[in-house]
Ligand code: SF4
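Numbering (my numbering), first residue to last: 27 to 512.
What follows is the structure in C-alpha cells.
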C-alpha cells in the first residue's frame, strides 16, 4: 500500500491496582505501533495527581526504564501518534495533559474532529488557553469546561458538540474513561486483565498482554472505571459509520473488529476480487505485508499459485533522517526487494490493498518488470479512492488522489504502467466484509460522508486553484468551520 495513506493514532488504557501500569501501557502501545510512529506518550494516575512522559519516535525509542519508573499509580493511558492535525512536534505528542478547575485531566485521541476550529474559537472566547495545535486538546478543554454535575451530563454535552471521529482514553486522578464517537468510526475495545481492566484501539494489544477480550466499546458509549467498579452510559445515540479501511488495511490482521478476525476478511476481499477481476497470470503476488492475506485469498479462488515475489524489509519504520539523493533514487527498494528468480518471464497478478497517490504503486510495477516479470496485472482489494478522508486518515486533497484526478480506470492503469488494472467494487467489498452496508463509512470511495463536512476547496478540489501551490493547503489549516455553536 502506498505509504501516503497513514493511520492517525492508537490508544490504550489500563486500570490495575498493584500492577506496574506504566509497563503494561508500554507493551500495549508496542502492540499498537502500526497505528502511529511519530510520537508516543503515557500518563499515569495514583488517586492524587497525574504523571506524564511523551516523546518523538517509536514506543521503544521514547521510553526507558527510568521513564517507566517515573510513572507511578494504579491506572494509566497511552497513545501512539501520527499527526493529522497539529504539526509533528514534541509538544503535540499525546496524551495531552491539562489543568482544570476540577483537577488534572489527560486525554489520548484517535480520529479527527471536523469542527475543531469553531470549538477552539468558542473556548478561546471563554478564556481557555491552549498549549498545542491539536484537536485533541480541544476535546480535553471541552470536557473540562462542560456543564453538568455528573460525567454523564458532561459527556452528553461534549458529544452533542463534537463532529467527527474520536476514540478516546481519558484519565483523571480518580478515574479512567474510554469513549467512542456516535459513528464508532475508529475501533475501541474493553478487556479484563487479572483483577483489572484494559481498553485499547485493537484486540491485538489485549492478546499480547494476556488480557481477555470483553467487548467493543459501542458507538456513543462512555465506559468509566474507578475503584468502585465499571459503569457505562450512552452519551449520544449511535449512528454507525465504522471506517471500512480498518478491515482493508489499518488494523493488524490478528485483531478482531466487529466480531470478525481481520485476516480472513482480507482473504475474502482477495477471493471476491478474483471473481470480479480474473487475471491471465502465472503467479499471484501480494504487496507485503498488508496485501498478503488478500493475495492468498485471490490465489485460492483463482487457482493461480501464490508466490512471495516481493520481500519487505520488516524493520523499515519511520525515520527522522532525511534521505540524500542517492537513497531517494533507490526509492521503493528500501522497503521492498523483488526476487528475479521467481519473476523471470512470469505473468504476475499483483495484489494491493489500495492506490492513493499512486507513487509507490507505479514504482512497484516498474520494479517487478525490471526484475523480469513479463506482464503485471494489478488488482486492488478496495474501490478507487475518489474523496479525501476528514476523519483522521491522511490521504491529502482530492486532487492528489489519483482516482480523483484521472479519468477512469484505464487512465490510472496507464499511469502506473500495468498491463491490466481491476478494482474491487463497493458492493463486492461490503459482501466480503460480510456486514450491512449502512454500518460503514465509505466516504473515500463514494464521496458520501456520514456527517456534514465542509465544502472547502482545499480538501475537495480537483485542482489547485490558479496561482496557488498545493503546499499552502495543509490539513492543519484546513480544519473546517462548520458551526456547532449553541
Ligand atoms: S473516509 Fe475512508 S478512510 Fe476515512 S473514515 Fe471513511 S472509510 Fe475510513
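Heads up, the beta-carbon is just placed ideally off N, CA and C, and yes, glycines get one too.
Starting from residue 393, follow its DSSP beta bridges and name the residues at the other end. None; residue 393 has no bridge partner.
Inter-residue spacing [alpha-carbon to alpha-carbon] between residue 381 and residue 423: 14 angstroms
Does DSSP put residue 156 in a helix, a strand or coil? coil
Relative to the ligand SF4, what is the chain-ordered list of residues with a Cβ closer than 6 angstroms to any of its non-hydrogen atoms? 211, 269, 270, 271, 415, 417, 419, 467, 468, 469, 470
With distance defined between alpha-carbon atoms, name the residue in 327, 141, 256, 222 nearest to residue 292. 327
Ignore the nearest five residues each way along the sequence and tell me which others in residue 522's own chain have a CB closer than 6 angstroms to its CB. Residue 522 lies beyond the stretch modelled for the chain, which goes from 27 to 512, so this question has no answer here.
Ignore the nearest five residues each way along the sequence and tell me which others in residue 74's own chain have a CB closer than 6 angstroms to its CB. 199
Considering only C-alpha positions, which residue in the set 359, 280, 54, 335 is nearest to residue 102? 54
Which runs of the beta strand (DSSP E) at least 3 residues long sit entirely within the segment 353–427? Give them in chain order. 362–364, 373–378, 401–406
List the whole-angstrom C-beta distance separating residue 321 from residue 329, where the pair is believed to meet the contact cut-off of C-beta under 8 angstroms. Not quite, the Cβ-Cβ distance comes to about 14 angstroms (not below 8 angstroms), so this is no contact.
N-terminal and C-terminal residue of the alpha helix (DSSP H) that residue 55 is part of: 47–57
Would you decide whether residue 195 is buried or exposed? Buried here means 16 or more other CB atoms lie within 10 Å of its CB. buried
Following the continuous beta strand (DSSP E) through residue 130, name the residue where it begins and the one where it ends. 129–139
Return the residue from the list 250, 309, 318, 408 that minimises the CA-CA distance to residue 259. 250
Look at the alpha carbon of residue 378 and the alpha carbon of residue 394, and state the distance between them as a whole number of angstroms. 14 angstroms
Return helix, strand or coil for residue 455, following the three-state DSSP convention. helix
By a C-beta neighbour count over all protein chains shown, 10 Å radius and 16 as the cutoff for buried, is residue 318 buried or exposed? buried
Go to residue 171, then tell me how far its alpha helix (DSSP H) extends in each direction, as first and last residue. 161–171
For residue 242, which residues of its own chain have a beta-carbon under 6 angstroms away from its beta-carbon, when the five flanking residues on both sides are left out? 215
Suppose you measure from the CA of residue 435 to the CA of residue 274; what does that come to, to the nearest Å? 20 angstroms
Where do the ends of the alpha helix (DSSP H) carrying residue 95 lie? 91–95
So is residue 167 buried or exposed if we call it buried at 16+ other beta carbons inside 10 Å? buried
Can you give the beta carbon distance from residue 146 to residue 208, rounded, assuming they're within the 8 angstroms contact cut? With a Cβ gap of about 21 angstroms, residue 146 and residue 208 do not count as contacting.
Supposed contact pair residue 410 and residue 451 - C-beta distance, whole angstroms, cut 8 angstroms: Contact doesn't hold; Cβ gap of about 10 angstroms is too wide.
Can you check DSSP and say which residues form a bridge with residue 283? 286
Quick check on residue 281: buried or exposed, where buried means 16 or more other Cβ atoms within 10 Å of its Cβ? buried
In the DSSP assignment, find the unbroken beta strand (DSSP E) run with residue 513 in it and report its ends. Residue 513 is absent from the structure shown; the chain starts at 27 and stops at 512.
Start and end of the alpha helix (DSSP H) containing residue 322? 318–328
Evaluate residue 238 with the Cβ neighbour count: other Cβ atoms within 10 Å of its Cβ, from every protein chain shown; 16 or more gives buried, anything less gives exposed. exposed
Under 9 angstroms, do residue 62 and residue 39 count as touching if we go by C-beta distance? no
Just to confirm, are residue 294 and residue 255 a CB contact at a threshold of 9 angstroms? no
Where the alpha helix (DSSP H) containing residue 471 begins and where it ends: 469–472
Strand pairing of residue 101, partner residues [DSSP]: 41, 71
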